[in-house]
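Accompanying notes for the structure given below.
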Amino acid sequence: MRKTPRGKRKQKTKQTITRTVTHIRLNEANPGKLEALDALASAFLALCQQYVTHFCTEADPNKYAAPLFETPLSERWHRVAIQQAAGIAQSWHTNRAKAYEAYLEELADFEEVQASPHPDPTRKRPTWKEWSTPKLHVPVVQANANVVVLEPSEDSTFDYWLRISTLEKGHPLRVPVRLSSYHQQALASHTINTSTTLHKRKGVWWLTLSFDEDVPLHTDPSASTVGVDVGIANFLTTSTGQQYGSFHGKLRQRQKRDREKRRRKAKLRACLKKKGVKTLPSTSSASSQRLACHVRQSINSAVNQMLAAHPDARIVYEDLSVASMRFKARSMNAYLSASNLAHIPEQLAWATAKRGVEAHTVKAAYSSQECHRCSYPDRANRPDQQTFCCVVCGHRDHADHNAAANLAQRFGDNELAACKNKAEVKALLLRRHAAWKKHHRLAVVQPPVQLGLFETSTDVG
Ligand SMILES: [Zn+2]
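Just so we're aligned: 347 in this note's numbering is position 273 of the sequence shown, and the numbers increase by one with no gaps anywhere.
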């Protein structure tokens with residue numbers, strides 16, 4: 075069996091998570107104050123938009139970039155706008171790069187299939203549509219203590235004052251903040267972070283506060299490693315052979331109904347448009363929003379169940395992007411929103427951090443095509459969506475379980491982690507397969523029944 079060197083890791087004893095307290099309504103301020111806040115926000119939004127476009131098209135995102143554009147805002151506010159824009163542009167660049175990489179992989183996969191003895195005539199050639207730069211619509215201000223300070227209120231009418239520096243130098247705006255008992259409870263005995271977020275939605279200003287919390291890490295260094303494969307047929311499949319949550323069944327029925335409804339609406343819209351009707355009914359529906367919410371809840375509950383069943387284990391899952399989730403979704407369900415699926419890795423990260431459970435992501439490349447027994451990576455190992463059957467050694471397993479076992483094994487596999495791209499991963503797996511073959515030369519020429527001797531244990535701890 076292959077041995078993977080395990081690098082010495084610095085043992086962490088705790089991790090810091092940031093909890094946010096959202097939806098604190100700023101409704102105690104008088105109209106004059108809110109007008110001043112509106113004026114500030116509109117100047118801020120305009121400036122921030124200029125930098126976002128600049129950082130997406132002309133320069134690399136840089137929080138410390140020298141000011142470039144004219145603005146009525148103070149120097150401090152100008153810096154906050156540059157920082158916020160750099161953050162937005164950075165994630166735009168990262169997401170675009172990941173999506174483009176996923177597209178190239180999909181294209182390479184498409185060409186491999188079409189050049190193989192069994193081309194798929196129903197499959198469409200993937201196309202790339204260039205991303206447009208972000209447009210800021212909702213006024214959001216991520217402020218720091220240089221421009222917005224939360225001060226405890228001295229009298230009992232309010233909990234805090236929000237001191238906001240404005241367009242008028244030396245005339246800060248003081249907005250009263252009254253916390254609901256829910257918010258008070260959430261913030262009790264915590265030190266509130268100095269960064270604050272203000273945003274306006276439907277004419278109302280909202281404040282978001284946050285605090286850091288140290289969560290002791292309780293996973294033992296000798297804990298067993300559980301690999302988790304993320305999918306649609308099963309949201310989570312563990313290397314221990316358990317499955318949690320599914321998009322099939324009821325969820326899929328609901329989604330089908332929702333799609334039909336949207337189609338009918340779109341038809342009606344097209345029909346009315348032809349007839350020259352000016353105000354058209356919207357195609358977005360409350361039911362699809364409820365469905366998205368329901369999908370998220372189902373994902374959360376699957377993650378909770380999985381963690382409850384493996385309380386002492388170390389969790390290892392795929393490093394997935396929204397773009398790669400979209401391609402994962404393609405074959406199963408082209409209509410499922412990729413952003414809903416991307417909630418699975420997000421929830422895995424959050425739920426483990428909250429519980430002090432050690433969690434790691436590993437490279438996903440070929441994890442679903444690699445044979446867990448002999449390392450041979452080939453799409454032909456997947457005769458259908460659910461089945462894994464190695465064309466070399468005959469190893470047979472549920473496809474998701476084989477993938478989960480591979481992911482668990484990739485934890486601490488420094489050689490694989492060092493691979494720079496998919497091609498390097500494939501080359502490494504082929505080298506390991508060659509080594510396996512050399513070691514088990516006899517087994518390959520013997521009838522498959524003998525191969526049972528080499529059954530790999532899924533207990534990879
Ligand atoms: Zn094999």
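Glycine residues also receive a C-beta, built at the ideal position from the N, C-alpha and C atoms.
If you follow the beta strand (DSSP E) that residue i is in, where does it begin and where does it stop?
i      : result
Leu310 : 310-312
Arg388 : 388-392
Arg470 : 470-472
Leu272 : 270-275
Ala433 : 433-436
Asp303 : 299-304
Val212 : It is not in any beta strand (DSSP E) - Val212 carries neither H nor E in the DSSP assignment.
Given the structure, does residue i come close to ligand 1, in the sense that its CB is under 7 Å from one of the ligand's heavy atoms?
i      : result
Arg197 : no
Arg456 : no
Tyr440 : no
Cys345 : no
His469 : yes
Arg447 : yes
Tyr450 : yes
Val466 : yes
Can you tell me which of the options puts its alpha carbon nearest to the alpha carbon of residue i?
i      : options                        : result
Glu242 : Asn308, Gln379, Ala454, Glu149 : Glu149
Leu365 : Arg326, Leu394, Arg388         : Arg326
Ile306 : Ser263, Pro419, Pro457, Val222 : Pro419
Gln89  : Ser361, Lys339, Lys428, Leu503 : Lys428
Thr92  : Gln317, Glu287, Ala219         : Glu287
Ala536 : Lys494, Ser239, Thr265, Pro226 : Here the chain comprises residues numbered 75 to 535, so residue 536 is not present and cannot be evaluated.
Asp294 : Val431, Thr145, Arg99          : Val431
Trp279 : Ala113, Leu394, Gly486         : Ala113
Asp487 : Asn476, Ala497, His475, Leu502 : Leu502
Gln363 : Thr201, Cys445, Asp393, Gln329 : Gln329
Leu283 : Ala262, Gly301, Ser296, Phe309 : Ala262
Leu415 : Leu394, Ala297, His434         : Leu394
Pro451 : Gln459, Cys463, Lys209         : Cys463
Gln164 : Leu291, Glu132, Ala497         : Glu132
Val154 : Leu247, Ser269, Thr207         : Ser269
His128 : Pro200, Ser206, Glu102, Glu186 : Ser206
Ala509 : Pro141, Arg447, Ala425, Val289 : Arg447
Trp126 : Thr96, Leu147, Gly161, Arg99   : Note on residue identity: the sequence assigns Val, not Trp, to residue 126. When only C-alpha atoms are compared, the closest one is Gly161.
My output table needs one value for residue i: the three-state DSSP class, helix, strand or coil.
i      : result
Ser255 : helix
Asn226 : Note on identity: in this sequence residue 226 is Pro, with Asn being the wrong assignment. Looking at Pro226 - three-state DSSP - the assignment turns out to be strand.
His152 : helix
Cys467 : coil
Glu185 : helix
Arg447 : coil
Lys88  : strand
His167 : helix
Ser405 : Low local confidence applies: a pLDDT of 44 at Ser405 is under 50, so the model's placement there is unreliable, with the coordinate-based value given in what follows. Note: Ser405 maps to helix in three-state DSSP.
Gly161 : helix
Ala176 : helix
Leu100 : coil
Gln460 : coil
Gln371 : helix
Tyr484 : In the sequence as displayed, the identity of residue 484 is Arg instead of Tyr. Note: Arg484 maps to helix in three-state DSSP.
Gln363 : helix
Gln216 : strand
Val377 : helix
Arg93  : strand
Residue range of the alpha helix (DSSP H) that residue i falls in?
i      : result
Ser497 : The amino acid occupying residue 497 in the given sequence is Ala; Ser does not appear at that position. Start and end: 496-513.
Gly106 : 105-131
Ser284 : Unbroken run through Ser284 is the beta strand (DSSP E), 278-290; no alpha helix (DSSP H).
Tyr234 : From DSSP, Tyr234 is part of no alpha helix (DSSP H) but of the beta strand (DSSP E) over 234-238.
Thr426 : 417-429
Ala344 : 324-348
Ala491 : 488-491
Contact between the region 212-221 and the region 262-274 (3+ Cβ pairs under 8 Å): As far as the Cβ criterion goes, the region 212-221 touches the region 262-274, which means the pair count is three or higher.
Inter-stretch contact (C-beta, 8 Å, three-pair minimum) for the region 181-195 and the region 162-172: Taking 8 Å as the limit for Cβ pairs, the verdict is that the region 162-172 does not touch the region 181-195.
Stretch pair the region 129-137 + the region 99-117: three plus CB contacts closer than 8 Å: As far as the Cβ criterion goes, the region 129-137 does not touch the region 99-117, which means the pair count is below three.
Touching by the beta-carbon criterion (3+ pairs, under 8 Å), the region 479-498 and the region 431-446: Contact between the region 479-498 and the region 431-446 is present: 3 or more CB-CB pairs across the two stretches fall below 8 Å.
The region 247-254 touching the region 230-237, judged by at least three CB pairs closer than 8 Å: Taking 8 Å as the limit for Cβ pairs, the verdict is that the region 230-237 does touch the region 247-254.
The region 339-347 touching the region 379-388, judged by at least three CB pairs closer than 8 Å: They do not touch, by the three-pair rule.
Inter-stretch contact at 8 Å, needing at least 3 Cβ pairs: the region 495-515 / the region 347-354: Verdict: no, contact absent.
The region 175-188 contacting the region 115-128, beta-carbon criterion three pairs below 8 Å: Taking 8 Å as the limit for Cβ pairs, the verdict is that the region 115-128 does not touch the region 175-188.
Inter-stretch contact (C-beta, 8 Å, three-pair minimum) for the region 314-321 and the region 369-384: A contact is defined here as three or more CB-CB pairs under 8 Å, and the region 314-321 meets this definition with respect to the region 369-384.
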